[in-house]
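Chemist:
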Amino acid sequence: MKKHGSYTLKNRIKTGEQIIGVSIPMTASKDEIGRILEKKDFDFISTDSQHSPFSEERLVQFCDYANDFGFPVNLRIKNTRHTYLIGNMLDLGPTGIEVPQVENLKTVEDAVDNFYFPQKGNRSWGGGPKYLSREDLTRLETADWWNNHGILWMQIESLTAITSAHQIAAVDGVDVLSWGPADLSFNREAYPDHPLKTDDDCIRHVINSLSSSTTQLCLRSYKPETRNVYLDMGVTMILEGGFY
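To convert, count from 1 in the sequence shown and add 36; that's our numbering.
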């Protein structure tokens, strides 16, 4: 089992290293999480509140379990408009945040503002990151540590987002663009004459638009046979399903 702490993950993402995450329900027990993590050399855990049951107390427990195994947790928040709650969610233990259905730069800027501490953002101080075991850092040292190691995701799920991917990625503080194939399919069906006809067309467009960026594209791949297909296309991050 890998134990790449979140202190290295942001740099590994930015340098284009191959990163494999695993999606685990927030309701999983510690034993279930452990069994999933033993299956493969994963780099991080992702959990969801957008389409899954959520409670703050459960998120704290889930992050504690993950921290015991030495794994950072990425949380997909409930709604695009909840960027104002990002700081509150981070105080509960996640190491990263994924914002769903991002389309405009105002959403991205709000997310950055609430994700990072001053002077990079405007996140309110609630103490150091829960997974940061060192207690000898000052407030400013901890804030600086977070600003250089926290991981912020934007999920692109429409043709507007796909064609604006380079602008979203250019906002300082955005580390990952993640894929939303189902909602993107709905959107493509509404615009049958759009030149990007397929999911693969959209993936290639985004990869090309990120060619000079350190922001990486992450694909959800719940079928083993698709993992290498995406990697061969130039995707560097894969999020797999953690079935147990």
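Heads up, the beta-carbon is just placed ideally off N, CA and C, and yes, glycines get one too.
Note that this is a predicted model, so its numbers are computed, not measured.
(1) Which residues in the same chain have their Cβ closer than 8 Å to the Cβ of L246, if we skip the five residues on either side of it in sequence?
(2) Between I113 and S85, which are expected to be in contact by the criterion C-beta below 8 Å, what is the C-beta distance as a whole number of angstroms?
(3) Between the C-alpha atoms of F105 and D229, what's the straight-line distance to the nearest angstrom?
(4) Where DSSP assigns a beta bridge to L213, which residues make up the other side?
(5) Rounded to a whole number of angstroms, what is the C-alpha to C-alpha distance between E276 and G163?
(6) Are the C-beta atoms of E261 and some chain B residue less than 8 Å apart?
(7) Cα separation between V109 and P130?
(8) Determine the burial state of K39: buried for a count of at least 16 other Cβ atoms within 10 Å of its Cβ, exposed for fewer.
(9) Alpha helix (DSSP H) containing P260: first to last residue?
(10) Take the Cβ of S257 as the centre, count every other Cβ of all protein chains shown within 10 Å, and call the residue buried at 16 or more, exposed below.
(11) Please confirm if the region 70-80 is in contact with the region 115-129, defined as three or more CB-CB distances below 8 Å between the two stretches.
(12) Can you name, in chain order, every residue of its own chain whose Cβ lies under 6 Å from the Cβ of M273, other than the five neighbours on each side?
(13) So, helix, strand or coil for R159, using DSSP?
(14) Express the C-alpha separation of F107 and G41 in angstroms, rounding to a whole number.
(15) What residue range does the beta strand (DSSP E) around M125 cover?
(16) Does DSSP classify Q86 as helix, strand or coil?
(17) DSSP three-state label for S221, please.
(18) Between V144 and V210, which are expected to be in contact by the criterion C-beta below 8 Å, what is the C-beta distance as a whole number of angstroms?
(19) Let me know if F222 comes out buried or exposed under the rule of 16 or more other beta-carbons within 10 Å of its beta-carbon.
(20) Check for me: the alpha helix (DSSP H) holding G70 runs from which residue to which?
(21) Would you mind sorting Q317 into buried or exposed? The rule is 16 or more other CB atoms within 10 Å of its CB.
(22) When we look at the beta-carbon of N184 and count the other beta-carbons within 10 Å, is it buried (16 or more) or exposed?
(23) With a CB to CB cut of under 6 Å and the five nearest residues on each side skipped, what residues in its chain are close to T82?
(24) Comparing alpha-carbon positions, which option in L188, S88, E193 and T116 lies nearest V207?
Modeler: The answer reads as follows:
(1) Reading the sequence shown from its first residue, position 210 is the one you call residue 246. The residues are A201, H202, A205, L213, Q252 and L253.
(2) Here residue 113 refers to the residue found at position 77 when the sequence shown is read from its first residue. Here residue 85 refers to the residue found at position 49 when the sequence shown is read from its first residue. Between S85 and I113 the Cβ distance is about 6 Å, and since that is below 8 Å, they are a contact.
(3) Here residue 105 refers to the residue found at position 69 of the sequence shown. Here residue 229 refers to the residue found at position 193 of the sequence shown. Distance between the alpha carbons of F105 and D229 is about 48 Å.
(4) The residue you call residue 213 lines up with position 177 of the sequence shown. L213 pairs with M190 and L253.
(5) Here residue 276 refers to the residue found at position 240 when the sequence shown is read from its first residue. Here residue 163 refers to the residue found at position 127 when the sequence shown is read from its first residue. Rounded to whole angstroms, E276 to G163 spans 32 Å at the Cα level.
(6) Here chain B cannot be found, since the structure has a single protein chain.
(7) Position 73 of the sequence shown, counted from the start, is the residue given in the question as residue 109. Position 94 of the sequence shown, counted from the start, is the residue given in the question as residue 130. Their backbone Cα atoms lie some 5 Å apart in a straight line.
(8) As a working note, residue 39 is residue 3 in the sequence shown. Residue placement at K39 is poorly supported in this model, since its pLDDT is 48, which falls under 50; the coordinates still yield a value, given next. Per the 10 Å Cβ criterion, exposed.
(9) The residue labelled residue 260 in the question sits at position 224 within the sequence shown. Taken as a continuous stretch (DSSP letters only), the alpha helix (DSSP H) holding P260 covers P260 to M269.
(10) As a first step, residue 257 is located in the sequence shown; it is residue number 221 there, counting from the start. Per the 10 Å Cβ criterion, buried.
(11) no
(12) Walking along the sequence shown from the start, residue 273 turns up at place 237. Cβ within range, chain order: I55, Q252 and C254.
(13) Locating residue 159 in the sequence shown gives position 123, counting from the first residue. Residue state, collapsed to three classes: coil.
(14) Walking along the sequence shown from the start, residue 41 turns up at place 5. Walking along the sequence shown from the start, residue 107 turns up at place 71. Because G41 sits at a pLDDT of 49, beneath the cut-off of 50, its placement in the model cannot be relied upon, and the following sentence gives the value as read from the coordinates. Cα-Cα distance, rounded: 6 Å.
(15) Position 89 of the sequence shown, counted from the first residue, corresponds to residue 125. That residue, M125, is in no beta strand (DSSP E); its alpha helix (DSSP H) goes I122 to L126.
(16) Within the sequence shown, numbered from 1, the residue matching residue 86 stands at position 50. Coil.
(17) The sequence position of residue 221 within the sequence shown is 185, counting from 1. Reduced to three states, the DSSP call for S221 is helix.
(18) Taking the first residue of the sequence shown as position 1, residue 144 is located at position 108. Taking the first residue of the sequence shown as position 1, residue 210 is located at position 174. Yes, they are in contact, since the Cβ atoms of V144 and V210 sit about 6 Å apart, within 8 Å.
(19) Here residue 222 refers to the residue found at position 186 when the sequence shown is read from its first residue. So F222 counts as exposed.
(20) Here the question's residue 70 lines up with position 34 in the sequence shown. Where G70 is concerned, the enclosing alpha helix (DSSP H) stretches over K66 to L73.
(21) Any question about residue 317 goes unanswered here, given that the chain covers just 37 to 280.
(22) As a working note, residue 184 is residue 148 in the sequence shown. By the 10 Å Cβ count, N184 comes out exposed.
(23) Position 46 of the sequence shown holds residue 82. In the sequence as presented, Thr is not what sits at residue 82; that position holds Ser. Contacts found: G57, S59, N110 and L275.
(24) Counting from one through the sequence shown, the residue named residue 207 turns up at place 171. Cα-wise, what sits closest to V207 is L188.
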